[in-house]
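Heads up: the structure comes next, in structure tokens.
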Amino acid sequence: MNTKIYYTLTDESPFLATQSLLPIVSAFAKTADIDVETKNISLPGRILAAFADTLPAGTTFAGKPVTDDLAFLGKLTLEPDANIIKLPNISASVPQLKAAIAELQKNGYALPDYPDAPLNDEEKAIRARYDKVKGSAVNPVLRQGNSDRRAPNAVKNYARNNPHSNGVWNESVKTYVASMQADDFYGNEKSITMAEADSFKIEFVDEAGAVTELRAAKSLLKGEIIDATVMRMASLEKFIANAMAEAKAKGLLFSVHLKATMMKVSDPVLFGAFVRVFFKDVFTKYADLFKELGIDANNGLGDLFKRLEGNAKEAEVKAAIDAALAAGPDLAMVDSAKGVTNLHVPSDVIIDASMPAMIRNSGCMWNKEGKLQEVVACIPDRCYAGIYDETIEFCKQNGAFDPKTMGTVPNVGLMAQGAEEYGSHDKTFVAKGKGVIRAVNSKGEVLLQQEVAAGDIFRMCQAKDAPVRDWVKLAVTRARLSNTPAIFWLDPERAHDREIQKKVEAYLPEHDLKGLDIKIMSPRKAIVETMKRAKAGLDTIGVTGNVMRDYLTDLFPILEVGTSAKMLSIVPLMAGGGLYETGAGGSAPKQVQQFLAENYLRWDSLGEYFALVPAFEQVALKDGNKKAKVLADTLDAANGKILEFNRTPARKIGELDNRGSHFYLALYWAQALAAQKDDAELAGKFAPIAAALSAKETEIVAALAAEQGKPADIGGYYIPKAELLKKWMRPVEAFNAIIDNI
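Following this line, the structure appears as structure tokens:
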């Protein structure tokens, strides 16, 4: 019986790349009796799964019956033999969700529209189904283990020998981070640890004492940490207005850095506040029109312009928006040439990608003239803003980091079983009026509560005890294996972190700490210490919570190796299996745009190459499959050659793209298999394959290059056509024939 590795089908450029890479991987894997089975967790796939019971019998998607593949994989993560390769997927904002729904409807799927303001129980039920698909819907399901993420040695060594550029920094740089000083999530947080197992429900109590249940009771485990906090909208709006005035006075770009994908309820509302305040006069003057058109500031300027199209007042409103842009501070741009601002789409500017890119660019972002300009970086909530504030100040005082000499910063991240998934699930609410939102246990006792006014954002999160214990164990294990100092980033001023720290201090003595350097430091102190060490060429393991894991595993890799797409991301599942995550999808939309215009895909599949190595190693370890170990070792050697000979995609046409990189992976992997001495059968199998690929190298690479420079119609953004995908992603028959006949 063949072993299975499950390979996820996702969205955008990672999905395009899969069409070229997966046939290679599957062909090589089957020689070791390993089946690579696909599971579709793409945005359209998840939408259809949410409405599977309403679709006609026999409905198919991507050539297969509609099934809930995410649920399947979620159950699989609880099995000891789970072996999953997880590619980046869309964490959908409302505009992305609506666009995917429209494309599915266009393709004949009988789906209801997304109800912006549900008017009855039926529409509320439809909205509830769609809301389960929004935001970071995949990660809490699959991440049933904590994160071990680091730059592979081959990547780090390549970056040292072929350094990217980090912009010049000095004390004259005016860029700074602006954050609230009160009434944010950080300042209002309350946290407790459950002494016994119980349950809790969430209620809103208005000024008259009327109680509305916001979320039905769900269980809590003994030792589980729960938090409750609130962002006060009135204070947020004052902060935004003050930050705008400062940016205008200092001649700096005004920018906002949020995460409206992972924080699917809270951050779109924060984003909407920035849109409303920046264009306050416009929203006031045209309030009735905007209500009539269903315009929601939370969806950004892009959605506003779409809803205005064809309206009698379209030109008038656009003129008012232009006037507001002229009167306000210069606004950071996503695409200067197309006039796409920082406030167009909530999912366009994601903090973990946008802040490192700004830091690499000497603290600058693009202005409307397409030139770099220094910035006021607005990160309203202080929970994690301090790490960017300290990074900017460190660079001002010490200059830019040098990739040739700087140390590396691996990360051990707490994320198992939905730990710290702020805003990703059903515990975030926008207050409908003045009163109290509270968490109540099974006895009716109030566990936590926050006073709220209309528009305030209430959120809770949980962290179970077992994942925290496992996180501590993983941190100690990584520190021991790599002989590297480790720092737990925990803030004594934060209620949640104080509860976590109690557990860390209790669980660390359970391990042999002899000879290890393990500290607990506040995030501000931890990042300064880590940067000092990195500047001196020393390595430091960051042991962090879920959100900061996301932020740091973009920040340091982008400074160290120029990208976070080349990281090795292993999630040892608590049940014993493995989840191997690949790449970073922040640039995926722009890459698709380039592909459609130029038939050039710059997605770098190196993350997939690296993830496959431990996946094969897991098969070897658990099944005693010696051929799988040979596949792992030879793939590792091929990855080294990919980097050594710079066979990763470049950025523009005329150079090697994603498909060319895949050819070289196949060539180097086949050559390594043919040359190895551990398995004569595999060596004999791959010797003629390596010879054939080598003989046709010039022909195949030239044919792939010849495809570039012309538009590539794939039949849809969210639902590309299979025949068109094959046409564009596997365009060279000479290459296909060799792979398909393995």
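For my numbering, count along the sequence shown from 1 and bump the result up by 334. Backbone N, C-alpha and C define an ideal beta-carbon position, used for all residues, glycine too.
Which listed residue (the options) has its alpha carbon closest to that of residue i
i     : options                  : result
G849  : P857, A820, R828, D367   : A820
R772  : E932, T527, I1034, T546  : T546
M565  : K598, F538, F519         : F519
N487  : A1021, A581, I1023, E894 : E894
E839  : E827, I852, M689, I904   : I852
G543  : K768, K1030, P923, W1062 : K768
I375  : Y341, P390, F385         : Y341
Y841  : V668, P414, F822         : F822
L1059 : D804, V370, F349         : F349
A516  : E505, T563, M528, K490   : T563
I1073 : V359, A909, I339         : V359
A918  : S347, K338, N336         : S347
L1007 : F997, Y998, H996, K1019  : K1019
G673  : P690, V710, K652, A691   : K652
G397  : A966, K1055, K986, L570  : K1055
F612  : A657, E643, S499, K593   : A657
L343  : D402, A361, A529         : D402
G988  : Y934, D1012, A954        : Y934
R985  : A436, K440, P1045, K924  : K924
V609  : N632, F624, S506, Y722   : N632
CB contact flag (residue i, residue j, <8 Å)
i     : j     : result
L476  : L824  : no
E785  : V764  : no
S513  : I559  : no
M901  : T878  : no
E537  : V774  : yes
A1037 : V1066 : yes
A750  : P801  : yes
Y885  : I574  : no
P734  : V502  : Position check: residue 734 holds Ala in this sequence, whereas Pro was assumed. For A734 and V502, yes; Cβs fall inside 8 Å.
T527  : E755  : no
H830  : S688  : no
V881  : N480  : no
T982  : L940  : yes
I791  : S1028 : no
G910  : P399  : no
A711  : M692  : yes
M699  : A654  : no
A954  : A962  : yes
G469  : K552  : no
T874  : G741  : yes
Beta-ladder partner(s) of residue i, from DSSP
i    : result
Q439 : Its beta-bridge partners do not exist; DSSP assigns none.
G479 : L907
F979 : Answer by DSSP bridge pairing: none, since F979 is not bridged.
G769 : D540, V786
F608 : F608 is not bridged to any residue.
S525 : D561
N775 : F534
I684 : L592
I368 : T337
A711 : V511, S589
M794 : A562
R484 : L902
Span of the alpha helix (DSSP H), counted from its first residue to its last, around residue i
i     : result
N491  : 487-495
A384  : 377-384
Y943  : 940-957
T618  : 614-619
K652  : 648-661
Q1078 : Here the chain comprises residues numbered 335 to 1076, so residue 1078 is not present and cannot be evaluated.
S1028 : 1014-1029
G720  : 716-732
D455  : 455-465
V679  : Careful: V679 lies outside any alpha helix (DSSP H) and carries neither H nor E.
Beta strand (DSSP E) segment containing residue i, residue limits
i    : result
M565 : 559-565
F588 : 587-590
W700 : 698-700
N745 : 745-747
V511 : 510-512
D736 : Unbroken run through D736: none, as it is neither H nor E.
E989 : Element bounds for E989: n/a, residue is neither H nor E.
K552 : 545-554
Contained beta strand (DSSP E) runs [length at least 3] in the region 829-910, N- to C-terminal order: For the region 829-910, whole beta strand (DSSP E) runs of length 3 or above, ordered along the chain, are 852-855, 875-878, 902-906.
Within the region 384-443, note down every full beta strand (DSSP E) run reaching 3 residues or more, in order along the chain. Runs of the beta strand (DSSP E) inside the region 384-443: 417-420.
Runs of alpha helix (DSSP H) wholly within the region 796-827 (minimum 4 residues, chain order): Qualifying alpha helix (DSSP H) stretches, in chain order: 799-816.
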